[in-house]
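Notes follow the structure.
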Amino acid sequence: MRYIIYKLSTFIVTIALVSLIVFSVFQVLPGRPAQTILGIDADEQQVAQLEKELGLDQSLWEQYISWISGLFSGDLGESLKYQQPVIDILLDRIPVTFSLAMLSIVLTALIGIPLGIFIARTDGKWVSTILSMLTQLGIAIPSFWFGFILILLFSVTFKLFPSNSYVPWSEDFFGALQSFFLPALALALSNIAIMIRYLRNTILDQMKMDYVRTAKCKGLSERWIVYRHILRNAFIPILTIFGMIIADTLGGSIIIENVFSLPGLGSLLIQSISARDFPLVQSMVLYIAVLVVFINFLVDLLYKVIDPRIRLKG
Amino acid sequence: MMMKRRKSIPFHIGLTIVMLLFLMMLISLFYTPYDPNMMQTNARLAKPSLEHLFGTDNFGRDILSRMMQGSQTAFLIGISSVSVGLFFGFLIGACAGYFGGWIDELCMRFIDALMAFPGILLAIMLITVFEPGIKNTILALGMMSVPTFARIIRSSFMQTKQFDYVKASKAKGAGSIHIIFKHILPNIVSPILVAATLSFSGTILAEAGLSYLGLGVQPPDPSWGRMLKEAQPYIATAPWYVIITGTMITLMVLGFNLLGDGIRDQQDKKS
Chain A
-19 MRYIIYKLST FIVTIALVSL IVFSVFQVLP GRPAQTILGI DADEQQVAQL EKELGLDQSL
41 WEQYISWISG LFSGDLGESL KYQQPVIDIL LDRIPVTFSL AMLSIVLTAL IGIPLGIFIA
101 RTDGKWVSTI LSMLTQLGIA IPSFWFGFIL ILLFSVTFKL FPSNSYVPWS EDFFGALQSF
161 FLPALALALS NIAIMIRYLR NTILDQMKMD YVRTAKCKGL SERWIVYRHI LRNAFIPILT
221 IFGMIIADTL GGSIIIENVF SLPGLGSLLI QSISARDFPL VQSMVLYIAV LVVFINFLVD
281 LLYKVIDPRI RLKG
Chain B
20 MMMKRRKSIP FHIGLTIVML LFLMMLISLF YTPYDPNMMQ TNARLAKPSL EHLFGTDNFG
80 RDILSRMMQG SQTAFLIGIS SVSVGLFFGF LIGACAGYFG GWIDELCMRF IDALMAFPGI
140 LLAIMLITVF EPGIKNTILA LGMMSVPTFA RIIRSSFMQT KQFDYVKASK AKGAGSIHII
200 FKHILPNIVS PILVAATLSF SGTILAEAGL SYLGLGVQPP DPSWGRMLKE AQPYIATAPW
260 YVIITGTMIT LMVLGFNLLG DGIRDQQDKK S
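Chains as they are written, first to last, in the working numbering: chain A, -19 to 294; chain B, 20 to 290.
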C-alpha cells in the first residue's frame, strides 16, 4: 500500500511539473495572442475585448489553473487555425496515432521477443556476434530514413504497398492494415533491436543464477528452463522495456506520420507549428507527456502485481 | 584471450568509423571537390560517377561536397549539445546526489518531468517557441540529454560519497567544492565518457529528425537531416540521393554507439 501511495504521489507531482514546464515555455512567446488572432488591423479595444473573452487578462497563475482544469474536463479552448474546439480535433486524430503505435508495438513483440530468445540461446557462436552487430545497426538507422527505404522497396520497386495513401479502418480493414504496415515497421525497427539486445542480456544474466543450475541438475532440458523459468523471471525487465518502447513509439510517430502522410497527432503537431497555432500545440504536447507519465505509472503498478516482493527502497 | 579479442572488434569498428568521419570533417574545412552551393543546371540529379562520386542533387549541387560540409554541422551540433546536456545534467545530478534528501527528491521529479517528453517532443516544443536555427537546435537537443547525464552523475555521486576516503576528507573539514573536485569527479569520468559518446549519437539522430521536419538547422547552413528532406521527393527518380544521405547519418550514429558500448565493456571488465 505504501508503494502505491508513493508512486501515486510522484505521479501527481510529475504531472504538475510537466504542465508547469509546458505552460511556462509557451509564456515566452513574444507578442500578444489576441493580436495574432485578430490581425494587425485590430485596435487596442478589440484586442482587450478578446483577451477578456479568452481569459488572457487574468494573472498567470489564474490562466494556468484554468488551462489545467480544462485538461481534465476536456475543454482545451479553441484552435486558432481550425476555429474548432481543440478536443474535437484531437479526438479526430487520436485513432490514427493509436493504431500506428499499437501495430508497431505488436510488431516489436512478435519479431523482437523470439529473436531475442534465439540470440541468447545461441550465445557465443558467430551467429550471435553478427546478429548483435545487426541490432546495433538497427538502433543506428533513423526510423524515417528506414521509412524511405521501405517506400523505395515496397511501394516504388515492387508496388506491394501503397505509399502516402491513408485508408481509415471503417472504410476497408485490409486497406487500412496495408496503409499502417510500412510506417509501423519503420517505427518498430529500432525498438526491435533494443528489445533483442535487452532480452538477450537479461536471459544471459538469469542463466548464471542458482535456480537455473538447480534446474539443470534436475535434468530439465534447456528449452524447458528458458521458457518455464527464465522467461518468467525476465518478465519485469521486459515490462520495463515495454514502457520505454511505448514512449519511444509515441515520440517516433511524430516523424513517421509525416513521412507516410498519416493524419495522426504527429502530423497535426507539425502542421500546427507551421500555422503557429499555439493553443493546439501546447495542449498536444501536454497530453502526450501526460500519457507517457501515466504509462510509466501503470508499469510501476504492474511491477507490484507481477512481483509482490517489490518494495520501496529505504 | 579469444573472448577479449571478440569483444573489442565492435569498439575498433566504431573508432575507425568515427575517426574517418572526423577526418572527412577536417578535410572539408580546407577542401571540397566542388563548391557545396554551386548549382549546375545541366547536371541535375546526376547519377554517381567519377565526376561526382555521390551524384548531384535536384539543383545540380555535388552531393559529396555537401555531405562533407554537412559533417561540420553534425560535429558542431553533436559536441555542443552534449556539452550543454552535460553542464545542466551535472548541476542537477551533482546537487541531487551530493546533498540527498528533499533536494534530491526535487531534482529527480524535475528530471522525471523532462523525461515525460518522448523522443524529440521536448526539442520540438522548445524550438516552436524559440525559433529554429543552429543555436536553438543545440540548446533544445542539449536539454534532451540532461536527464541521462543527471541520473548517471547522481548515482555516481551517491556511490562515491559512501567511500571511506571521502568520509575521511569530510571529517577533516574539507569543503563541498574541494570534495567534489578532488575526490568525486575523478571517479566519475569514465561513466560520463560513455554517456557522452552515446548521447552524441542520440543527438545526431534527433538533429536529423528535427531538420527533416523543418524545425532544425535552417538554410543556408548545411545539414544531413535537411538533405534527406530535400531528397525525399526524388526517391523514385534519384534513389542514391536518399540512400547516400541516410547511410552517412547511420554510419555516424553507429560509430558513436559502437564506441560508447566498447568503452563501457572495457570498464566492466576492469571492475
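Even for Gly, the Cβ is constructed at its ideal location relative to N, Cα and C.
**OP:** Hey, could you find the ends of the alpha helix (DSSP H) H197(B) is sitting in?
**Re:** Counted from its first residue, the second sequence places residue 197(B) at position 178. H197(B) -> alpha helix (DSSP H) spans S195 to I198.
Original post:
Is the Cβ-Cβ distance between F168(B) and F109(B) less than 8 Å?
Top reply: Within the second sequence, numbered from 1, the residue matching residue 168(B) stands at position 149. Within the second sequence, numbered from 1, the residue matching residue 109(B) stands at position 90. For F168(B) and F109(B), yes; Cβs fall inside 8 Å.
Original post:
Ends of the alpha helix (DSSP H) at I69(A)?
Top reply: Taking the first sequence and counting its residues from 1, one reaches residue 69(A) at position 89. Segment V66 to R101, the alpha helix (DSSP H) holding I69(A).
**OP:** For chain A, find out if any of its Cβ atoms is closer than 8 Å to the Cβ of Q251(B); answer yes or no.
**Re:** Along the second sequence, read from residue 1 onward, the residue named residue 251(B) stands at position 232. Closer than 8 Å to some Cβ of chain A, the Cβ of Q251(B) qualifies, so yes.
Original post:
Ends of the alpha helix (DSSP H) at R289(A)?
Top reply: Residue mapping note: residue 289(A) aligns to position 309 of the first sequence, counting from 1. Segment: none, R289(A) is in no alpha helix (DSSP H) and carries neither H nor E.
Subject >> Residue burial classification, P259(A) (beta-carbon count within 10 angstroms, cutoff 16) >> reply: On the first sequence, position 279 is the one that residue 259(A) refers to. Looking at its Cβ environment, which holds 16 or more other Cβ atoms inside 10 Å, P259(A) is buried.
**OP:** Along the alpha helix (DSSP H) that carries S174(B), what are the first and last residues, could you check?
**Re:** Indexing the second sequence from 1 puts residue 174(B) at position 155. First-last of the alpha helix (DSSP H) with S174(B): I153 to T179.
Subject >> CA-to-CA distance, S135(A) to P122(A), given in whole angstroms >> reply: Residue 122(A) sits at position 142 when you count from the first residue of the first sequence. Residue 135(A) sits at position 155 when you count from the first residue of the first sequence. Roughly 19 Å between the two C-alpha positions.
Original post:
Do we get a CB-CB distance below 8 Å when we pair N155(B) with the residues of chain A?
Top reply: Looking up residue 155(B) in the second sequence gives position 136. Chain A contact via Cβ: absent.
Original post:
Should L148(A) be labelled buried (16 or more other beta-carbon atoms within 10 Å of its own) or exposed?
Top reply: Numbered from 1 along the first sequence, position 168 holds the residue referred to as residue 148(A). The sequence given here has Pro at residue 148(A), not Leu. Classification of P148(A): exposed, given that the 10 Å Cβ count is below 16.
Original post:
Are at least three pairs of beta-carbons, each pair with one atom in the region 81 to 89 of chain B and one in the region 240 to 248 of chain B, less than 8 Å apart?
Top reply: yes
Subject >> Of the listed residues V37(B), I36(B), F41(B) and G74(B), nearest to Y53(B) (C-alpha basis) >> reply: Stepping through the second sequence from its first residue, residue 53(B) is reached at position 34. Cα-wise, what sits closest to Y53(B) is G74(B).
Original post:
Out of curiosity, what's the CA-to-CA distance linking G194(B) and T179(B)?
Top reply: Numbered from its first residue, the second sequence carries residue 194(B) at position 175. Numbered from its first residue, the second sequence carries residue 179(B) at position 160. Approximately 16 Å between the Cα atoms of the pair.
Original post:
Listed in chain order, which residues of the region 120 to 139 of chain B have Cβ atoms closer than 7 Å to some Cβ of chain A?
Top reply: R128, F129, D131, A132, A135, F136, P137, G138 and I139
Original post:
Cβ of N238(A) less than 8 Å from any chain B Cβ?
Top reply: Residue numbering aside, residue 238(A) sits at position 258 when the first sequence is read from its first letter. Yes, contact with chain B.
Subject >> With 16 other Cβ atoms within 10 Å as the buried cut-off, status of M189(A) >> reply: Counting from 1 along the first sequence, the entry for residue 189(A) is found at position 209. The residue in question, M189(A), is exposed, as its Cβ has fewer than 16 Cβ neighbours within 10 Å.
Original post:
From this set, C114(B), S220(B) and E150(B), which residue's C-alpha is nearest V8(A)'s C-alpha?
Top reply: To locate residue 8(A), count along the first sequence from 1; it is residue 28. Nearest option by C-alpha distance: E150(B).
Original post:
Is any beta-carbon of chain A found at less than 8 Å from that of A255(B)?
Top reply: Translated into positions along the second sequence, residue 255(B) becomes position 236. Chain A contact via Cβ: present.
Subject >> Proximal chain B residues relative to I85(A), where beta-carbon distance stays under 9 Å >> reply: For this step, residue 85(A) is matched to residue 105 along the first sequence. In chain order: nothing, as chain B lies at least about 13 Å away.
Subject >> Backbone secondary structure at E70(B) - three-state DSSP >> reply: Reading the second sequence from its first residue, position 51 is the one you call residue 70(B). Of the three classes helix, strand and coil, the one that applies to E70(B) here is coil, per DSSP.
Subject >> Buried or exposed by the 16-neighbour rule on C-beta atoms within 10 Å, applied to A255(B) >> reply: Against the second sequence, residue 255(B) aligns to sequence position 236. That one is exposed.
Original post:
Using a C-beta cutoff of 8 Å, does A227(B) count as contacting chain A?
Top reply: As a working note, residue 227(B) is residue 208 in the second sequence. Interface residue, yes.
Subject >> Closer than 7 Å at the beta carbon, the chain A residues around G152(B) >> reply: Reading the second sequence from its first residue, position 133 is the one you call residue 152(B). Per Cβ cutoff of 7 Å: no residues; G152(B) is ~15 Å from chain A at best.
Original post:
Hey, I234(A) and I139(B): beta-carbon distance below 8 Å or not?
Top reply: Counted from its first residue, the first sequence places residue 234(A) at position 254. Counted from its first residue, the second sequence places residue 139(B) at position 120. In this structure, I139(B) lies closer than 8 Å to I234(A) by Cβ.
Original post:
Residue range of the alpha helix (DSSP H) that W106(A) falls in?
Top reply: Counting from one through the first sequence, the residue named residue 106(A) turns up at place 126. First-last of the alpha helix (DSSP H) with W106(A): W106 to A120.
Original post:
H202(B) and V185(B) look like a contact to me (Cβ under 8 Å); what is the Cβ gap, rounded to whole Å?
Top reply: By one-based count along the second sequence, residue 202(B) stands at place 183. By one-based count along the second sequence, residue 185(B) stands at place 166. The Cβ separation is near 5 Å, so the contact holds.
**OP:** Identify, in the order they occur along the chain, each residue of the same chain with its Cβ nearer than 7 Å to the Cβ of M22(B), setting aside the five sequence neighbours on each side.
**Re:** Position 3 of the second sequence, counting from 1, holds the residue named residue 22(B). Confidence at M22(B) is low in this model, with a pLDDT of 45, below 50, so the placement of that residue is unreliable and no value is reported for it.
Original post:
Nearest-angstrom Cα distance between D55(A) and L133(B)?
Top reply: The count along the first sequence starts at 1 and reaches residue 55(A) at position 75. The count along the second sequence starts at 1 and reaches residue 133(B) at position 114. Cα to Cα, the separation comes out at about 25 Å.
**OP:** Determine whether the Cβ of N276(B) lies closer than 8 Å to any Cβ atom of chain A.
**Re:** Within the second sequence, residue 276(B) is the residue found at index 257, counting from 1. Taking Cβ atoms only, chain A reaches closer than 8 Å to N276(B), which makes this a yes.
Subject >> One or two residues paired with E58(A) in a DSSP bridge >> reply: Taking the first sequence and counting its residues from 1, one reaches residue 58(A) at position 78. BP columns for E58(A) point to P65(A).
Subject >> Contact set between Q116(A) and chain B, taken where Cβ atoms lie within less than 8 Å >> reply: Against the first sequence, residue 116(A) aligns to sequence position 136. Here the neighbours are P29, L273, N276, L277 and D280.
**OP:** Check whether the Cβ of P258(B) lies closer than 8 Å to any Cβ atom in chain A.
**Re:** For the purposes of this step, residue 258(B) is taken as the residue at position 239 of the second sequence. Closer than 8 Å to some Cβ of chain A, the Cβ of P258(B) qualifies, so yes.
Original post:
Would you call G294(A) buried or exposed, if buried means 16 or more other Cβ atoms sit within 10 Å of its Cβ?
Top reply: Taking the first sequence and counting its residues from 1, one reaches residue 294(A) at position 314. At G294(A), the pLDDT of 42 sits below 50, so the modelled position is not reliable and the matter cannot be decided from this model.
**OP:** State yes or no: is the C-beta of L229(B) within less than 8 Å of the C-beta of I146(B)?
**Re:** Taking the first residue of the second sequence as 1, we reach residue 229(B) at position 210. Taking the first residue of the second sequence as 1, we reach residue 146(B) at position 127. A contact, by the Cβ cut-off of 8 Å.
Subject >> For R193(A) and F156(B), the rounded distance between their alpha carbons >> reply: Position 137 of the second sequence, counted from the first residue, corresponds to residue 156(B). Position 213 of the first sequence, counted from the first residue, corresponds to residue 193(A). Per the sequence shown, residue 156(B) should be read as Thr rather than Phe. So the two alpha carbons sit approximately 52 Å from each other.
Original post:
Given a threshold of 16 other Cβ atoms within 10 Å of its Cβ, counted over all protein chains shown, does S175(B) qualify as buried or as exposed?
Top reply: As a first step, residue 175(B) is located in the second sequence; it is residue number 156 there, counting from the start. It counts as buried.
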